[in-house]
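J.: A single structure is presented below for examination.
In structure tokens form, the structure reads like this:
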């Protein structure tokens, strides 16, 4: 389902967080948002998903959610937010409770989400028995079980170690290839942006404005191929060159507070 942001701006009291954001996101596209700390990435994600009302501008969608979508906009956060007393399958099925679904329909959706995220054999396990990467897979499966039209991800891999993050990037690419929803992905990690996104939107320092939009000219299905490693590294370096000076300034501001 295409997503359209027109003239979006947002203020927190006297602080202008975002200004003049115009962005069209195509159906099935993955767009990553990057920029220095405090540039409004998470604020923009919240506005895109309807958690925040913009101070100026508007967000609209075109078309209809896919068949079977129970929640057009669904989030995946850095915090796994799993219920420790519930099994993996029961955590995944949580968004289906109080929905007008039969037991068989509920089970079919849970099984499909577990299969998609490689969790079938862990269905009866509890969160405390799982690694951080496996817990985040549960969070992703829980988001997918409602078959969203737009999936919004707020630094979902930032709490994981480097090796686990690499595995999850591979998993997400496999999911992207199978699930047709639109995705907006906030990250500080430039490698994640280059590996996972079709386009990377670079935001400036506060107030966040779109500084540049970079397309990744490598098919998603081939992002892990060694022959593309050099190109993706060039994308990483180009992104870093765009934001480095502002990252340094933002870092100094944080330390000086």
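In the numbering used here, the protein residues as written are 57 to 313.
Built from N, CA and C at the ideal position, the CB exists for glycine as well.
#1: In the DSSP assignment, the beta strand (DSSP E) including residue 319 goes from what residue to what residue?
#2: Out of 268, 86, 92, 100, state which residue places its alpha-carbon closest to the alpha-carbon of residue 66.
#3: Between the Cα of residue 85 and the Cα atoms of 68, 161, 231, 62, which residue gives the shortest distance?
#4: With distances taken from CA atoms, which of 129, 80, 111 is nearest residue 209?
#5: Just how far apart, CA to CA, sit residue 168 and residue 149?
#6: Rounding to the nearest angstrom, what Cα-Cα distance links residue 161 and residue 200 in this structure?
#7: CA-CA distance, residue 174 and residue 207?
#8: What do you reckon, are the CB atoms on residue 242 and residue 211 nearer than 8 Å?
#9: Anyone know if the C-beta pair for residue 276 and residue 91 falls short of 8 Å?
#10: Residue 88 bridges to which residues according to DSSP?
#11: What are the start and end residues of the beta strand (DSSP E) that includes residue 186?
#12: Considering just the uninterrupted stretch of the beta strand (DSSP E) at residue 271, what are its terminal residues?
#13: Do you know offhand how far residue 123's Cα is from residue 204's?
#14: Would you give the residue range spanned by the beta strand (DSSP E) that residue 350 belongs to?
#15: Taking buried to mean at least 16 other C-beta atoms within 10 Å of its own C-beta, is residue 316 buried or exposed?
#16: Could you check what DSSP says for residue 111 in three-state terms: helix, strand or coil?
#17: Do you know how far the Cα of residue 88 is from the Cα of residue 281?
#18: Taking the alpha-carbon positions, what's the residue 104 to residue 227 distance?
#19: Closest to residue 78 by CA distance: which of 223, 266, 240 is it?
#20: Classify residue 156 as buried or exposed, calling it buried when 16 or more other Cβ atoms lie within 10 Å of its own Cβ.
#21: Count the other CB atoms within 10 Å of the CB of residue 278; is the residue buried (16 or more) or exposed (fewer)?
#22: Threshold first: 3 residues or longer. Then list the beta strand (DSSP E) segments lying entirely within the stretch 175-232, N to C.
T.: If we stick to the structure as given:
#1: What the structure shows of the chain is the stretch from 57 to 313, and residue 319 is not part of that stretch, so it cannot be assessed.
#2: Mapped onto the chain shown, residue 66 falls at position 10. Of 268, 86, 92, 100, the residue nearest in Cα terms is 100.
#3: Residue mapping note: residue 85 aligns to position 29 of the chain shown, counting from 1. The shortest C-alpha separation from residue 85 is found at 231.
#4: Your numbering for residue 209 matches position 153 in the chain shown. If we check each option's Cα against that of residue 209, 129 comes out closest.
#5: Walking along the chain shown from the start, residue 168 turns up at place 112. Walking along the chain shown from the start, residue 149 turns up at place 93. Taking the straight line joining both Cα atoms gives about 11 Å.
#6: The sequence position of residue 161 within the chain shown is 105, counting from 1. The sequence position of residue 200 within the chain shown is 144, counting from 1. One C-alpha to the other measures close to 15 Å.
#7: The residue given as residue 174 occupies position 118 in the chain shown. The residue given as residue 207 occupies position 151 in the chain shown. Roughly 19 Å between the two C-alpha positions.
#8: Here residue 242 corresponds to residue number 186 of the chain shown, with the count starting at 1. Here residue 211 corresponds to residue number 155 of the chain shown, with the count starting at 1. Contact flag set, yes.
#9: Against the chain shown, residue 276 aligns to sequence position 220. Against the chain shown, residue 91 aligns to sequence position 35. Cβ distance not < 8 Å, so residue 276 and residue 91 don't count as in contact.
#10: On the chain shown, residue 88 is found 32 positions in, with the first residue counted as 1. Bridge partners of residue 88: 241, 256.
#11: Residue 186 sits at position 130 when you count from the first residue of the chain shown. No beta strand (DSSP E) holds residue 186; DSSP gives it neither H nor E.
#12: Looking up residue 271 in the chain shown gives position 215. First-last of the beta strand (DSSP E) with residue 271: 266-271.
#13: Counting from 1 along the chain shown, the entry for residue 123 is found at position 67. Counting from 1 along the chain shown, the entry for residue 204 is found at position 148. So the alpha carbons of these two residues sit roughly 10 Å apart.
#14: Nothing can be reported for residue 350, as the shown portion of the chain is limited to 57 through 313.
#15: There is no way to answer for residue 316, as the model of the chain reaches only from 57 to 313.
#16: Counted from its first residue, the chain shown places residue 111 at position 55. In the structure shown, residue 111 sits in coil (DSSP, three-state: anything other than H, G, I, E or B).
#17: Here residue 281 refers to the residue found at position 225 of the chain shown. Here residue 88 refers to the residue found at position 32 of the chain shown. Near 20 Å, if we compare the C-alpha coordinates of residue 88 and residue 281.
#18: Taking the first residue of the chain shown as position 1, residue 104 is located at position 48. Taking the first residue of the chain shown as position 1, residue 227 is located at position 171. In a straight line, the C-alpha of residue 104 is about 25 Å away from that of residue 227.
#19: Sequence index remark: in the chain shown, residue 78 carries index 22 (1-based). Ranking 223, 266, 240 by Cα distance to residue 78 puts 266 first.
#20: Taking the first residue of the chain shown as position 1, residue 156 is located at position 100. Residue 156 comes out exposed.
#21: Position 222 of the chain shown, counted from the first residue, corresponds to residue 278. By the neighbour-count rule (16 or more Cβ atoms within 10 Å), residue 278 is not buried but exposed.
#22: 206-210
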